[in-house]
Amino acid sequence: MKLTVIGTGYVGLVSGVCLAEIGVDVVCVDSDAGKIERIRKGETPIHENGLESLLAKHIGRRLTATTAAEAALLDSSVSMIAVGTPFDGERIDLSQVEAAARKIGEVLRTRDDYHVVVVKSTVIAGTTAGPVREILEAVSGKRAGIDFGLAMNPEFLREGAAVADFMNPDRIVIGGIDGRSIATVRKLYRPFIERGVPIFETNCDTAEMIKYTNNALFATMISFSNEIGNLCARLPGVDVLDVMAGVHLDKRLSPRLATGETIRPRMLEYLAAGCGFGGSCFPKDVKALAAHARALALEPRMLDSLIEVNRTQFLELVRQLERHIPVLAGSRIAVLGLAFKPESDDIRESPAISLIEALIARGCSISAFDPLAAAGFRRKFPNWPVRYGNSVEATIEHAEAVVIVTRWKEFGRLPALVAGMVTQPLIVDGRRMFRPGDFPRYAGIGVETNDSNISVHPNIKVAGLTP
Ligand code: NAD
Numbered sequence: 000m001k002l003t004v005i006g007t008g009y010v011g012l013v014s015g016v017c018l019a020e021i022g023v024d025v026v027c028v029d030s031d032a033g034k035i036e037r038i039r040k041g042e043t044p045i046h047e048n049g050l051e052s053l054l055a056k057h058i059g060r061r062l063t064a065t066t067a068a069e070a071a072l073l074d075s076s077v078s079m080i081a082v083g084t085p086f087d088g089e090r091i092d093l094s095q096v097e098a099a100a101r102k103i104g105e106v107l108r109t110r111d112d113y114h115v116v117v118v119k120s121t122v123i124a125g126t127t128a129g130p131v132r133e134i135l136e137a138v139s140g141k142r143a144g145i146d147f148g149l150a151m152n153p154e155f156l157r158e159g160a161a162v163a164d165f166m167n168p169d170r171i172v173i174g175g176i177d178g179r180s181i182a183t184v185r186k187l188y189r190p191f192i193e194r195g196v197p198i199f200e201t202n203c204d205t206a207e208m209i210k211y212t213n214n215a216l217f218a219t220m221i222s223f224s225n226e227i228g229n230l231c232a233r234l235p236g237v238d239v240l241d242v243m244a245g246v247h248l249d250k251r252l253s254p255r256l257a258t259g260e261t262i263r264p265r266m267l268e269y270l271a272a273g274c275g276f277g278g279s280c281f282p283k284d285v286k287a288l289a290a291h292a293r294a295l296a297l298e299p300r301m302l303d304s305l306i307e308v309n310r311t312q313f314l315e316l317v318r319q320l321e322r323h324i325p326v327l328a329g330s331r332i333a334v335l336g337l338a339f340k341p342e343s344d345d346i347r348e349s350p351a352i353s354l355i356e357a358l359i360a361r362g363c364s365i366s367a368f369d370p371l372a373a374a375g376f377r378r379k380f381p382n383w384p385v386r387y388g389n390s391v392e393a394t395i396e397h398a399e400a401v402v403i404v405t406r407w408k409e410f411g412r413l414p415a416l417v418a419g420m421v422t423q424p425l426i427v428d429g430r431r432m433f434r435p436g437d438f439p440r441y442a443g444i445g446v447e448t449n450d451s452n453i454s455v456h457p458n459i460k461v462a463g464l465t466p
C-alpha cells in the first residue's frame with residue numbers, strides 16, 4: 000500500500016516515518032522546500048526521541064520526501080492530510096486542510112482507480128464529511144463513497160514522546176463515510192491491530208469529536224488543578240502537592256489490586272498544578288471547540304473558564320516573584336525552560352513566552368536556558384533582551400531569582416547547584432519539581448512560603464507510596 004502524507008510537521012513526519020517502520024510505502028509531502036531538503040538528507044526538522052534513527056533507516060527506501068504533491072498523489076492509493084489547523088482568534092482556520100483537499104481533488108480528477116483520503120489533522124466535527132468532502136467532490140468531479148473513500152483518523156501522539164506513542168498506540172480511532180474507507184485505513188495499521196491494539200470504528204464526525212474531547216478533558220484537569228493550586232498558595236501550611244497526593248489515593252483514581260498493588264494511572268499527571276499548559280494542541284483545540292459550540296448557539300462555560308484559567312496562570316509566577324522581590328525592575332531573573340514541555344523543542348504557546356514578556360515589561364534583566372528550545376526561542380523573539388546561557392550553571396549565576404517553567408530532568412540537580420552558590424537565589428518553581436525544604440529560599444505554584452514559615456510544611460509521607 001502506498002501512502003502520501005500531506006504536511007510533514009510534527010504529526011505528518013512522525014506518522015510517515017512510523018508507518019514506514021511498520022511496512023507502509025510512504026511519500027511525505029510539504030510545501031516547505033527547506034524542510035523537505037533536510038528530511039531527504041535524513042535530518043529531522045523537529046526534535047523527537049528516536050525519530051532521527053528511524054528516518055535514517057527508511058529515507059530513500061520505504062520513505063521518500065518531496066514538494067511535488069501531484070506526482071506523489073498519482074502514485075498512491077491513500078492520502079493523509081496532516082497539515083496545521085491553527086486557531087485564527089475567532090475559529091479554527093481550515094485553510095491548510097482545504098488547500099490540501101483541493102490538491103488531492105485535482106489529482107483524483109485525472110485518476111480512475113479508487114483512492115482513500117484520510118484527514119489526520121485535528122478538525123472540528125463535521126469538517127471531513129462537510130467541507131473536505133465538498134471540495135474533493137467539486138474539484139475532482141467524482142463522488143465520495145463511490146469513486147473515492149473518505150476517513151478521519153485523529154492522532155493522539157504527545158510531543159516529546161511522539162515516536163513511542165505512535166508505535167504503541169492505546170487505540171486507533173477510524174471514522175469513515177463507509178465500510179470500505181474504514182477497511183482501507185485499517186490496512187495501514189495492520190501490525191498494530193494484529194498486536195491487539197483496540198480499533199474504534201465510527202463515523203467521521205464522532206472521530207473528530209473524540210479527539211477534541213480527549214484534549215479538552217486533559218486541559219480541564221490541568222486548569223482545575225491550577226485553580227486548586229492557586230487557592231492552596233493562599234493557605235499557609237497547605238501544599239498542593241500534598242493535597243493532590245491525598246486526592247490521587249482515591250480508589251477511583253488509583254485502583255488497588257487484590258494483590259495490594261496500587262495502580263497509578265498516567266492521567267494523574269494532569270491532576271497536578273503548574274504554571275499552565277501550552278503547545279500546539281491544547282490551547283488551540285480547546286479554543287476551537289469553544290468557538291464551535293458558540294457557533295451552534297451553545298455557551299461553552301466550562302471550556303471558556305479553563306482557557307481563562309490557563310491564560311493567566313503564568314501570572315502566579317510573577318506574583319510570587321513580586322512577593323519576594325518587591326522591586327522587580329532591574330532584578331536579575333533566570334528562566335529555566337522555554338519549551339512548552341520537556342523532551343521537546345516546541346515553544347508554541349509555551350508559558351515561558353508570556354512570563355518573559357511580563358518580566359521584560361517590568362524591567363527585569365533576563366537570562367534563559369533550555370536544553371533544546373533556546374535557538375528556536377531566540378529566532379522567534381530576536382529583539383527580546385534575553386541572555387541565553389549554554390548551561391543551567393551559566394544561566395543562574397548572579398541571578399536573584401530562578402523560575403522553573405519546564406520540567407526538564409536536567410533541572411533536578413538545582414538544589415546541589417544552588418547549595419554551592421555564594422549568594423543563593425530565590426527559586427520559583429512553576430512545575431513543582433521541588434519542595435519548600437529543598438532550597439533556602441523557595442516559592443512555587445500551589446504553596447506559599449516565606450523565609451520564616453518553611454517549617455510549617457511537613458514533607459508528608461504515605462506508607463507504601465512515594466508522594
Ligand atoms: P505543523 O505546523 O508542525 O506541520 C504542518 C505542516 O504542514 C507544515 O510543515 C506545513 O509546511 C505543511 N503544510 C501546510 N499546508 C500545506 C499544503 N497545502 N501542502 C503541503 N504541506 C503543507 O503541525 P503539527 O503540529 O504537525 O499538526 C498537524 C495537525 O495535527 C494539526 O491539526 C494538529 O492539531 C494535529 N495534531 C498535532 C499534534 C502535536 O502534538 N503536534 C498531536 C495530535 C494532533
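Here the sequence shown stands for residues 0 to 466, numbered as in numbering that gives the first Met the number 0. Cβ coordinates follow ideal geometry from the N, Cα and C atoms, glycine included.
Just to be sure I understand the criterion: a residue counts if its Cβ is closer than 6 Å to at least one heavy atom of the ligand NAD. Which residues meet that?
Going along the chain, the residues that qualify are Ile5, Gly6, Thr7, Gly8, Tyr9, Val10, Gly11, Val28, Asp29, Ser30, Asp31, Lys34, Ala81, Val82, Gly83, Thr84, Gln95, Ala98, Ala99, Ser120, Thr121, Glu154, Leu156, Glu158, Ser279 and Cys280.
So who's on the other strand from Cys27, going by DSSP bridges?
Answer by DSSP bridge pairing, in chain order: Val4 and Ala64.
If you compare alpha carbons, which of Val82, His114, Glu447 and Glu342 is closest to Thr405?
For the residues Val82, His114, Glu447 and Glu342, the minimum Cα distance to Thr405 belongs to Glu342.
Mark Pro282 as exposed unless 16 or more other C-beta atoms lie within 10 angstroms of its C-beta, in which case mark it buried.
By the 10 Å Cβ count, Pro282 comes out buried.
Using the Cβ count rule (16 or more neighbours within 10 Å means buried), how would you classify Arg431?
Buried, by the Cβ-count rule.
By DSSP's criteria, Arg386 is part of a beta bridge. Which residues make up the other side?
In the DSSP output, where bridge partners are listed per residue, Arg386 has Ser366.
So, Ile306 versus Val285, is the Cβ gap smaller than 7 Å?
In this structure, Val285 lies closer than 7 Å to Ile306 by Cβ.
Please state whether the Cβ-Cβ distance between Pro224 and Leu267 is less than 7 Å.
Rather than Pro, the amino acid found at residue 224 in this sequence is Ser. No, the pair does not count as a contact, with Cβ atoms beyond the cut-off.
What is the rounded straight-line gap between the Cα of Ser76 and the Cα of Glu315?
Using only the alpha carbons, I get a separation of about 52 Å.
Can you tell me whether Tyr9 is helix, strand or coil according to DSSP?
If DSSP states are grouped into helix, strand and coil, Tyr9 belongs with the helices.
In or out: Gly236 buried (at least 16 other Cβ within 10 Å) or exposed?
By the 10 Å Cβ count, Gly236 comes out exposed.
Have a look at the DSSP bridge pairing and note the partners of Leu149.
BP columns for Leu149 point to Val116.
Where does Glu392 land, buried or exposed, given buried means 16+ other C-beta within 10 angstroms?
Glu392 is exposed by the Cβ-count criterion.
Quick one: using the 10 Å Cβ neighbour count with 16 as the cut-off for buried, is Ser390 buried or exposed?
Exposed, by the Cβ-count rule.
Less than 8 Å between C-beta atoms, sequence neighbours within five positions excluded: which residues of the same chain meet that for Thr465?
In this prediction, Thr465 has a pLDDT of 41, which is less than 50 and means its spatial position is unreliable; what the coordinates show is noted afterwards. Around Thr465: no qualifying Cβ.
Let me confirm a value: Gly6 is counted as buried when at least 16 other C-beta atoms fall within 10 Å, else exposed. Which label applies?
Gly6 should be labelled buried.
Report the residue from Ala215, Ile359 and Gly175 whose alpha carbon sits nearest the alpha carbon of Phe199.
Closest by alpha carbon: Gly175.
Within this structure, are the beta carbons of Pro153 and Val172 separated by less than 7 Å?
Cβ atoms of Pro153 and Val172: closer than 7 Å.
Alpha carbon to alpha carbon, how far is Gly433 from Phe165?
Here the sequence assigns Phe to residue 433, which means Gly is not the residue at that position. Cα-Cα distance, rounded: 31 Å.
Just how far apart, CA to CA, sit Ala55 and Glu298?
Between Ala55 and Glu298, the C-alpha separation is close to 49 Å.
Among Ala81, Thr3, Arg101 and Val122, which has the Cα closest to the Cα of Asp92?
Taking only the C-alpha atoms, the option nearest Asp92 is Val122.
Ignoring anything shorter than 4 residues or poking outside the region 69–102, list the alpha helix (DSSP H) runs there in chain order.
Listed in chain order, there is nothing to give.
As a quick exercise: from Glu260, Met420 and Ala137, pick the residue whose alpha carbon is nearest that of Val401.
For the residues Glu260, Met420 and Ala137, the minimum Cα distance to Val401 belongs to Met420.
If you draw a straight line from the alpha carbon of Phe438 to that of Gly277, how long is it in whole angstroms?
When rounded, the distance between both Cα atoms is 27 Å.
Kindly confirm or deny that the region 40–52 and the region 88–107 touch, where touching means at least three C-beta pairs closer than 8 Å.
Verdict: no, contact absent.
Using 10 angstroms around the beta-carbon of Ser279, count the other beta-carbons present and answer buried if the total reaches 16, otherwise exposed.
That one is buried.
How would you call Pro197, buried or exposed, if buried means at least 16 neighbouring beta carbons within 10 angstroms?
So Pro197 ends up on the exposed side.
Which residue's Cα is closest to the Cα of Thr338: Thr126, Pro325 and Glu158?
The question names Thr, yet the displayed sequence has Ala at residue 338. Ala338 has its Cα closest to that of Glu158, out of Thr126, Pro325 and Glu158.
So, at 6 Å on beta carbons, what are the nonlocal neighbours of Gly494 in its own chain, with the 5 sequence-adjacent residues on each side left out?
The first residue shown for the chain is 0 and the last is 466, placing residue 494 beyond what the model contains.
Three-state secondary structure (DSSP) at Gly259?
Three-state DSSP puts Gly259 in coil, outside helix and strand.
Who are the near neighbours of Lys141 in its chain, counting only those whose CB is closer than 8 Å to its CB and skipping five residues on each side?
Contacts found: Leu107, Arg108, Leu135 and Phe147.
Specify whether the region 324–337 and the region 113–128 touch according to this definition: at least 3 beta carbon pairs, one from each stretch, less than 8 Å apart.
With the cut-off at 8 Å, the region 324–337 and the region 113–128 do not touch.
According to the neighbour-count rule (16 or more other Cβ atoms, all chains shown, within 10 Å of its Cβ), is Thr311 buried or exposed?
It counts as exposed.
Applying the 10 Å Cβ sphere with the 16-neighbour rule, what's the burial state of Thr422?
Result: exposed.
Among Val184, Leu416, Leu358 and Ile444, which one has its Cα closest to the Cα of Asp428?
Among Val184, Leu416, Leu358 and Ile444, the Cα nearest to that of Asp428 is on Ile444.
Among Glu356, Phe155, Asn167 and Ala100, whose alpha-carbon lies nearest the alpha-carbon of Val138?
Out of Glu356, Phe155, Asn167 and Ala100, Ala100 has the C-alpha closest to the C-alpha of Val138.
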